[in-house]
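Asks: Residues in the sequence shown are numbered from 0 upward in steps of one, following numbering that gives the first Met the number 0. Just dropping this structure here.
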Amino acid sequence: MTSDGLMRTTTARLFDACWAGGISNPLEVVDQLSHLVYLHELDRAQAGWDERGARSETIEREPIFAHDEQHLRWSHLVRLTPQRMFTTIADDVFPWLRNHEFKRLAYSRHVEDVRFTIPTPGLLAKVVDVLNEALSTGDAEAADLYEHLLAKVATAGRFGAFRTPLHLTALMVAMTAPGPDDEVCDPTCGTGGLLTAAAQFMLTSRSGTAQQSKAEVSGRLHGFDFDRTMLRLSSMRLALHGYGAADLRHRDNLSVEAGTEFERYSVVLANPPFAGSVDYETAAPELLAAVRTKKSEILHPIAILRLLKPGGRAAVIVPDGLLFGSTAAHAELRRILVEEHGLEAVVKLPSGTFKPYAGVSTAILFFTKYAGQTDYVWFYDLKADGWSLDDQRAPLLPEDKLGLTPESLLDTADHTRNNLPDLIRRWRLRNGSERRRTRSEQSFCVTRSEIAAVGYNLSLENFRRIHEMHRVAQEGVRLGDFAQIFTGSVRKSDLDMERDVADTDERRRVLTPTLLTDTLPDGADLPLRTDQREPQHRLRQGDIIGRDLAGNRHWTSVPSHYDGVQPGQGLIVVRLTQEVFPIEYVIAYLSSSLAEQQLPKYGTIPRVRASAMADIWIPKCEGDPSEIRASLAMLAEGEREAARIQNELRQARNQIFESGSGPLRRERLDNAAAISSLTAQNLRRHNDPYMLFQDSYPYAIARAVRKFRHSRSGVEKHEAAIQCAESLILSLGIMALALATDRGRQDLPAIAQWSQSVDRGGVSLGHWVGVVKAVADDARQHGEPAAGLVEATVRKKGGKGLIAELEQLVNLRNRIRHGAGPRTRAELEKSLGRIEPLMLSSLSGCAFLARTRWVHTERLRWHPNSGKFRVSGMALMGDHPDFATVTFDTARPLVDDRLYLITSPDAPLLLSPFCLLSDCPTCLAPELYYPDRMTNSTALLKSLDRGHELDSESVFKELREWSTPE
């Protein structure tokens, strides 16, 4: 068993024994075990004194145990019978502990009130045996055991104080970087996690032997707590790690003036209690002089500023509410930090960070005393810290991928589970490239003036909301400019909730927020207003209604039979005065999370006001309103189908357990599992657009996409993206040439230029794009779809569209191929960041390719009964090891061993001589080739996705015949 596994087992044995023996409070368990560990450490120090004599340095110059106190030593106690041991510890050891203090062991200063609460000799004997076995293995193992014991202190969440997870203490220490000359303080030290992490960090920052360094570091550690039990736990923790002389004192930072502690420390690390308040009479006057408030969450940062030296650094965990609280005290504290104390960073922590203690949202503030005004504040949204965010807080990755500096490299999937290495990397770049990030990214910087302009609100989500509003404002229309917005006014107390079937006065019907769900109730089922007063507004057909309370607002269009219904309080109504957008589009956007981000929340109950709704910007959407409605209807159809599938799977699960025999239930289980597995596979494919391209696009494109998806390094991915763009352009060009030839339009200027380039030494990608554009434009003028090419190449507003994207890809590719490619990792990421969005958009814009088939014919037979030819061949679609065999009938006589584009069975287009399937002489695998240039007697062909070359006399001859028609 590993050391970690052994300590987990030992911890479990100790807690199981204590719980079975009647001690149910984890804090009490660890406190009692701490006293026993302390006794063991005293005995070990005495043994060292005995061995080395008075000349050696020990915890005390004098022996710890006097001659008549030897029976109190651990080594003596473990040999006693359980009853004798129990009596000796209760009657002699604990009174002795309470009356002895040792200068270089902080634990001894906090035992004056200790009590022995282990209830029985049997439990004591069992605990001592387990501890004796574990503590005899050495210093490191004893410290490790104590860390495991402290991890069990779940009840430390009382008073709003929560044990800080080890990886977060490491984060706070790494970002403040305490050095060998720093005086480090944790004013709410709890179990000592922050001080221990700081000590270990400081130890590695200076030279010298480990013992000397630990002695020096120990003298620079300072901690306070108002709970003596916590002081004992933290002092024992530090002692077991070799920092037993740390300065730990009983102190309430909010009720005691700084006094001699004023401006004494150069680094303060703290996770102060969030909950509670203090009376003005008991709070330190100097704190109230800075910010007058009773809230401890505000007073703790002020107290920390008092403790810091000028230029001292602090990392403080605060509740999320401190970042955006609307009280004058909240705003003043934030102003002080930004304007006077150089607030440098706000790290937003996941809401489950302190589970199982609480699900409260928190953040870490980093600032420097008297650093003056902040130029920029760096924000990071820590979404995952490597551990589950439920009550279990279980690791999500192997141990070598956890923490700030994991031993193994993290891939993209790992990053979604552990953001800490990325956080540290970006923190080091906060004064450089981080300032260029947008607010929609995981980290970004905000200027002091921007922060001041929003009342010193430090909420990361607030700046994202502002960014989203600015972004949408540039490409959208303000809702209030084309809609009237009002709220419902009928109070719940004005309603008669008893349904009266006989009362048919529909003018008194009221729609309340609770009745606004996915399905509106029948008008006759709505409650009646008890009086005849006329409301400020009545609903009309086509109004958009939703709840004003955050959550599921259920935005819905008012149907005709709701005309005249009165809106109740809690509803918000949007009445379009102009049809800038289809009503369905407005509802779809209002239902999105992006719209929700634009809405400020007010007070404890986050309701939205009509004025705030008016300031929402609706993003523009190009296209005819009927087309937009049709697309939204298709989207809704997909959502309904997904819901239907989910419901069927739920029913299949329930059917497993219905009446029947055991074998029958097993059969139902296997059937349900098979259906679920197939459904999951199909959904995964559709959720990954690249997978769709790889499965359904022509072979050359699909193969290039596969290479891109499976590229490991940035260099490989960058090259694969370029090859993917090349394959797409070449495939479209081949298809365009075949379409033009079939229509007898090879005389188009762009095609003539392509033909000349083949003759003169090579065709550029730009020529291929020119062919695609020319063929699509020509077909559009003649009202022909060109197998979907016409629709795909429609020019969009602002000169955008597929052709523009292909031209941009050609320009980027040519620069790279001609020597202007990226040379550093940063340049590589930047280049890929430009290429990939264009590539993905271009691939998505060519969805018509999946509706066609590239088929290599192998056999052709005449069927006189049908009057058609039956053709069989290989479908060169998707990236598959073996090409699928297809069979179809056509009235056109085709040629064996040729490549065709099949748009419909009766309209096959010959792709030769523009594309050829042949075995590669280099790799001996079948590949698709296209003509690149001509010599005197042969055509030089290149493969679409590998660059392999092939000479062909037959293609040479066919191209000559094609370019010189009779």
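Cβ atoms here follow ideal geometry from the backbone N, Cα and C, with glycine treated the same way.
1. Would you check if the distance between the CB atom of residue 952 and the CB atom of residue 963 is smaller than 8 Å?
2. Who are the near neighbours of residue 190 in its chain, counting only those whose CB is closer than 8 Å to its CB and skipping five residues on each side?
3. What does the alpha-carbon distance come out to for the pair residue 568 and residue 589?
4. Can you give the Cα-Cα distance for residue 623 and residue 799, rounded to whole angstroms?
5. Quick test of the definition: if touching needs 3 or more C-beta pairs under 8 Å, does the region 762-778 touch the region 730-740?
6. When you compare only the Cα positions, how much space is there between residue 582 and residue 541?
7. Taking the runs of the beta strand (DSSP E) that are 3 residues or longer, which of them lie wholly in the region 165-225?
8. Does the Cβ of residue 941 have 16 or more other Cβ atoms within 10 Å, making it buried, or fewer, making it exposed?
9. DSSP three-state call for residue 876: helix, strand or coil?
10. Which word fits residue 792, buried or exposed, when buried means at least 16 other C-beta atoms lie within 10 angstroms of its C-beta?
11. Specify, as a first and last residue, the run of the alpha helix (DSSP H) that residue 309 falls within.
12. Is residue 247 near residue 282, with beta carbons less than 8 Å apart?
13. Go ahead and pull the three-state DSSP assignment for residue 154.
14. In the DSSP assignment, find the unbroken alpha helix (DSSP H) run with residue 919 in it and report its ends.
15. Could you tell me whether the region 459-466 touches the region 554-562, using the rule of 3 or more Cβ pairs below 8 Å?
16. Ends of the alpha helix (DSSP H) at residue 765?
17. Can you list, in chain order, the stretches of the beta strand (DSSP E) that have 3 or more residues and sit fully within the region 790-829?
18. Just to confirm, is the Cβ distance from residue 876 to residue 852 under 8 Å?
19. Starting from residue 344, follow its DSSP beta bridges and name the residues at the other end.
20. Going by the DSSP bridge assignment, what does residue 73 pair with across the sheet?
21. Can you give the beta carbon distance from residue 286 to residue 298, rounded, assuming they're within the 8 Å contact cut?
22. Hey, could you find the ends of the alpha helix (DSSP H) residue 926 is sitting in?
23. Could you check the C-alpha separation between residue 821 and residue 706 for me, to the nearest Å?
24. Find the nearest neighbour of residue 470 within the set 558, 405, 618 and 361, judged by alpha-carbon distance.
25. Could you pull the start and end residues of the alpha helix (DSSP H) that residue 888 belongs to?
26. Report the three-state DSSP secondary structure of residue 610 (helix, strand or coil).
27. State the DSSP-derived secondary structure class of residue 856, mapped to helix, strand or coil.
28. How should residue 658 be labelled, buried or exposed, when 16 other C-beta atoms within 10 angstroms of its C-beta is the threshold for buried?
29. Tell me whether the beta-carbon of residue 165 lies closer than 8 Å to the beta-carbon of residue 32.
30. Express the C-alpha separation of residue 259 and residue 93 in angstroms, rounding to a whole number.
31. Based on Cα-Cα distance, which residue from 202, 223, 272 and 225 lies nearest to residue 240?
32. So residue 788 packs on residue 775, CB below 8 Å; how close in whole Å?
33. For residue 337 and residue 296, I'd like the C-alpha separation in whole angstroms.
34. Whole angstroms is fine: what's the gap from residue 599's alpha carbon to residue 325's?
35. On a Cα-Cα basis, can you pick out the residue from 760, 758, 747 and 418 that is closest to residue 778?
36. Could you have a look at residue 572 and say whether DSSP puts it in helix, strand or coil?
Replies: The answer reads as follows:
1. No; because the gap between Cβ atoms is not below 8 Å, this pair is not in contact.
2. Closer than 8 Å at Cβ, skipping near neighbours: 149, 152, 155, 162, 229, 232, 233 and 236.
3. Taking the straight line joining both Cα atoms gives about 20 Å.
4. Approximately 17 Å, taken between the alpha carbons.
5. Taking 8 Å as the limit for Cβ pairs, the verdict is that the region 730-740 does touch the region 762-778.
6. Between residue 582 and residue 541, the C-alpha separation is close to 8 Å.
7. Counting whole runs of 3 or more residues, the region 165-225 contains the beta strand (DSSP E) stretches 183-185 and 220-224.
8. When all chains shown are included, residue 941 counts as buried.
9. It is a strand residue.
10. Buried, because 16 or more other Cβ atoms sit within 10 Å of the Cβ of residue 792.
11. In the DSSP assignment, residue 309 falls outside any alpha helix (DSSP H) and within the unbroken beta strand (DSSP E) covering 307-318.
12. No.
13. Note on residue 154: pLDDT 42, under 50, position unreliable in the model; no value is reported.
14. Counting along the chain, residue 919 falls outside any alpha helix (DSSP H), and DSSP gives it neither H nor E.
15. They do not touch, by the three-pair rule.
16. Note, residue 765: alpha helix (DSSP H), 764-780.
17. The region 790-829 contains no whole beta strand (DSSP E) run of 3 or more residues.
18. Contact check for residue 876 against residue 852 passes: the beta carbons are separated by less than 8 Å.
19. Partner(s): 365 and 377.
20. None; residue 73 has no bridge partner.
21. So it is a contact: roughly 5 Å between Cβ atoms.
22. Going by DSSP, residue 926 is part of no alpha helix (DSSP H) but of the beta strand (DSSP E) stretching over 925-933.
23. C-alpha of residue 821 to C-alpha of residue 706: approximately 20 Å in a straight line.
24. Minimum Cα distance to residue 470 is reached at 618.
25. Residue 888 -> not in any alpha helix (DSSP H); beta strand (DSSP E) instead, spanning 883-889.
26. Three-state DSSP puts residue 610 in a helix.
27. Correct three-state label for residue 856: strand.
28. Answer is exposed; the Cβ neighbour count stays below 16.
29. No, Cβ-Cβ distance for residue 165 and residue 32 is not below 8 Å.
30. Their backbone Cα atoms lie some 33 Å apart in a straight line.
31. Ranked by Cα distance from residue 240, the first of 202, 223, 272 and 225 is 202.
32. Indeed they touch by this definition, with Cβ atoms about 5 Å apart.
33. Looking at the two C-alpha atoms, the distance is approximately 17 Å.
34. Near 13 Å, if we compare the C-alpha coordinates of residue 325 and residue 599.
35. Out of 760, 758, 747 and 418, 747 has the C-alpha closest to the C-alpha of residue 778.
36. Note: residue 572 maps to strand in three-state DSSP.
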